[in-house]
Amino acid sequence: MANKMKLVRNINRESKKFILGVFVIGCFLISMTFFVLSQPQAIAVPFLHLAPSTPKATDTIHSQQPGEVSGQDNETEQSKLEIKRKLETQENSIESDDLKAHQDEMDDEHSLIMTLDNTTVDSVQRETLSASDELDSDINMQERSTKSDESNSYGGSKNEIKDKSTTCDDPNSGQCEKHGEARPQENSNPDNVDPTQEENKRSSKQFGVGGQIMNQEKKPLCDFSHYRVDQCEMHGDIRIHRNPSSVISVESTERSESWQVRPYPRKGDNVALGHVTEVTVKSSKEGPECSITHNVPAIVFSVGGYTGNLFHDFTDVMLPIFLTANQFNGEVQFIITETRPWWMHKYLPVFQKLSQYEIIDFDNDDQVHCFKHVIVGLRAQIEFSIDPSQDPNGYSMADFGRFMRSVYSLERDTITRIEDHPHRKPRLLIISRQTTRRFTNVNEIVQMAEDLGYEVVVDDADIGSDIARFAKIINSCDVLMGVHGAGLTNLVFLPVNATIIQIVPWGGLEGIAMFDFGNGAKAMKLNYVQYSISVEESTLTEIYPRDDPVFRDPLSFHQRGWDFLKDTFMNKQNVKLDINRFRNVLWKALEHMMQ
1 MANKMKLVRN INRESKKFIL GVFVIGCFLI SMTFFVLSQP QAIAVPFLHL
51 APSTPKATDT IHSQQPGEVS GQDNETEQSK LEIKRKLETQ ENSIESDDLK
101 AHQDEMDDEH SLIMTLDNTT VDSVQRETLS ASDELDSDIN MQERSTKSDE
151 SNSYGGSKNE IKDKSTTCDD PNSGQCEKHG EARPQENSNP DNVDPTQEEN
201 KRSSKQFGVG GQIMNQEKKP LCDFSHYRVD QCEMHGDIRI HRNPSSVISV
251 ESTERSESWQ VRPYPRKGDN VALGHVTEVT VKSSKEGPEC SITHNVPAIV
301 FSVGGYTGNL FHDFTDVMLP IFLTANQFNG EVQFIITETR PWWMHKYLPV
351 FQKLSQYEII DFDNDDQVHC FKHVIVGLRA QIEFSIDPSQ DPNGYSMADF
401 GRFMRSVYSL ERDTITRIED HPHRKPRLLI ISRQTTRRFT NVNEIVQMAE
451 DLGYEVVVDD ADIGSDIARF AKIINSCDVL MGVHGAGLTN LVFLPVNATI
501 IQIVPWGGLE GIAMFDFGNG AKAMKLNYVQ YSISVEESTL TEIYPRDDPV
551 FRDPLSFHQR GWDFLKDTFM NKQNVKLDIN RFRNVLWKAL EHMMQ
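Spelled out as structure tokens, the structure:
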């Protein structure tokens, strides 16, 4: 009996201990539940090491822009309160025994609050801005990579192709450009711009969910920004048909463009462009059915305008086609308007050097030609010269000289010193014009030059000259001289370090002479000499009295327009060189060959 009573007492004591333990555990659970609901930040401490370096809840934080200070603390507190309310709503629906399971879903939001509590607002903003800058950099890299791939897949350019459709390195600068024109923003004053709104606008325009690139503006088909030429360039499904003269970019997008282009580099010259076919370049969802599909790029251009004049043949066609087509290493198709058989035959070696394919006569071809890459118009720079800094491939006038010597298989790349060939006389070529600006005493010039030790050749490259034959004559010479005119264009065949002497007629034409030939000659690494004649060397003295404005104030004629200037000083004037005065010029050319 005693044992039973003892057993009962033990059971009672154990029951009381159990009840007490249950009570203590219950109180602990209730306390923890209350603590969690009232102080949710505390549970995030163990998970701080799991928080991402850049907060994911970026929709509740506005990145601070440079100069933004006021109101930041209020925005931070509002962000924290908003997240707390969200947490309370979520946790009210979760049982305490499921808290641990649900904890993983809320880690990001808890970590964000702890980041705001335990780090400065500035550090968070710097991280946000840094992430934004990295995304901007990724966009630029993707755009450059895409363009480079498109270019290289068709023969490519040596450098990246710049996108001129948008130039906007600083959205707050107020100078964003589109399609080559300055377009100020609605509010270009940085002091009056809400940085948060500007950041959100940029983000919503460039990025979608998860940082995906969205709604990027496409490069416009044509660029009208250059003063000398309009040029269009397209990639994709491009179809070309003569009737009407059109180049169609077939696209699935809603973009609609239409441009009228005269593909000849004399922009603004209505006389020249009056002889050039207008080509329509447009985008469309539909196009004519392909007759022939090509696997190489195409270049569409005109050989109308002023061609037939040797100077314009080179400055308007030969130089521009070299700049545009040489990058493709022969893998390019030419589509040409205004072809003339005699002219095409004259320069056929140049075209064959640049393209391995038969030229398409755009004016007389009824096929629909389809390409993946098309350029309409030729790249052109300054008159009869090349600025390597402006060329995407870095081509120079020296490169063009080497190209022309290779076209006609010319032997001499550079001149030789007189001492190296003592039995060979230095060779002088006199370009003798047959109409205006001609030498009236060419025989005296020849005699004087021979007395100095030159072997003299007199010739003229007229419109029907055999250019291959004449190129070989030019290349064999050490000195080339002539009065300002198209014949001096032959300097492109001279070997490096040869001398070119330009005789400038009376009339203040030195600037024109330098612009047309001087700059190009120097860029080709030639020894350039400019000789301006005196009044006594001009035949204008036979037409006008010595006190006429033609002699007293020739620059006043420049104000009357090009036609008047040309008629007075170019079409009416011939040259009678002062032999004694000019002798020193030829002697210095000899000295140049001795160095």
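The sequence shown begins at 1 in UniProt numbering and counts up one residue at a time.
Glycine included, every Cβ here is placed at the ideal spot set by N, Cα and C.
Cβ-based burial, residue i [other Cβ within 10 Å; buried from 16]
i	result
I213	Confidence is the limiting factor: at I213 the pLDDT is only 35, short of 50, which leaves the residue's position unreliable, though a coordinate-based value still follows. So I213 counts as exposed.
G507	buried
M594	exposed
K588	exposed
S111	Because the pLDDT at S111 is just 41, under 50, the model does not fix this residue reliably, and the value given afterwards should be weighed accordingly. Per the 10 Å Cβ criterion, buried.
T499	buried
S258	exposed
S249	buried
S389	exposed
C168	With a pLDDT of only 37 at C168, under 50, the local geometry of the prediction cannot be trusted, and the value read off the model is given with reservation. The residue is exposed, with fewer than 16 neighbouring Cβ atoms inside 10 Å.
E286	exposed
A468	exposed
D316	buried
P549	exposed
L319	buried
C27	exposed
T407	Looking at the sequence provided, one finds Val at residue 407 rather than Thr. Buried: at least 16 other Cβ atoms inside 10 Å.
G520	buried
K17	exposed
D387	exposed
I61	Since pLDDT at I61 reaches only 35, below the 50 mark, its modelled position is unreliable, and no value is offered.
P545	exposed
R340	exposed
M32	exposed
C222	buried
D547	exposed
G561	exposed
L586	buried
Residue nearest to residue i in terms of C-alpha spacing, selected from the options
i	options	result
N574	S283, G487, R581, V483	V483
G377	E278, I360, M448, R424	E278
L354	N364, M404, P265	M404
T489	G518, L273, P297	G518
Y227	F322, R560, E383, V276	E383
G487	E338, A498, D365, Q502	Q502
S225	P265, T436, F301, T293	P265
I431	F400, T416, I474	I474
H235	D313, I299, L494	I299
C290	F322, N326, Q367	Q367
I321	P263, H294, F362, N309	P263
T414	I25, R581, F493, S256	F493
L310	S256, R433, E444	R433
D466	K219, Q327, W343, L29	W343
Bridge-paired residues (DSSP) for residue i
i	result
H235	H373
V458	I430
S283	S249
C222	C232
D361	I336
M397	Per DSSP, none; premise fails for M397.
residue 669	An answer regarding residue 669 cannot be provided, because it is not within the stretch 1 to 595 covered by the chain.
Y528	I500
H241	S246
L378	Its beta-bridge partners do not exist; DSSP assigns none.
W259	V281
S538	V575
S302	T337
T293	C370
S476	Looking at the DSSP assignment, S476 forms no beta bridge with any residue, so it has no partner.
Supposed close pair residue i, residue j - CB separation, criterion 8 Å
i	j	result
V296	V332	6 Å
V303	C232	So it is not a contact: roughly 18 Å between Cβ atoms.
N527	H592	5 Å
D578	E537	5 Å
S245	F362	7 Å
I238	F371	5 Å
P505	R437	6 Å
residue 634	T440	Nothing about residue 634 can be read from this structure; the chain reaches only from 1 to 595.
- So does the stretch 550 to 566 actually touch the stretch 416 to 427, counting three or more Cβ pairs closer than 8 Å? Judged by Cβ distances under 8 Å, the stretch 550 to 566 makes no contact with the stretch 416 to 427, as fewer than three pairs qualify.
- Task: Evaluate the contact criterion for the stretch 269 to 276 versus the stretch 387 to 402: three or more CB pairs, one atom per stretch, below 8 Å.
- Result: no
- Is the stretch 522 to 539 close to the stretch 446 to 454, with three or more CB pairs under 8 Å? no
- Counting pairs of Cβ atoms below 8 Å between the stretch 400 to 414 and the stretch 451 to 460, do you hit three or more? Verdict: no, contact absent.
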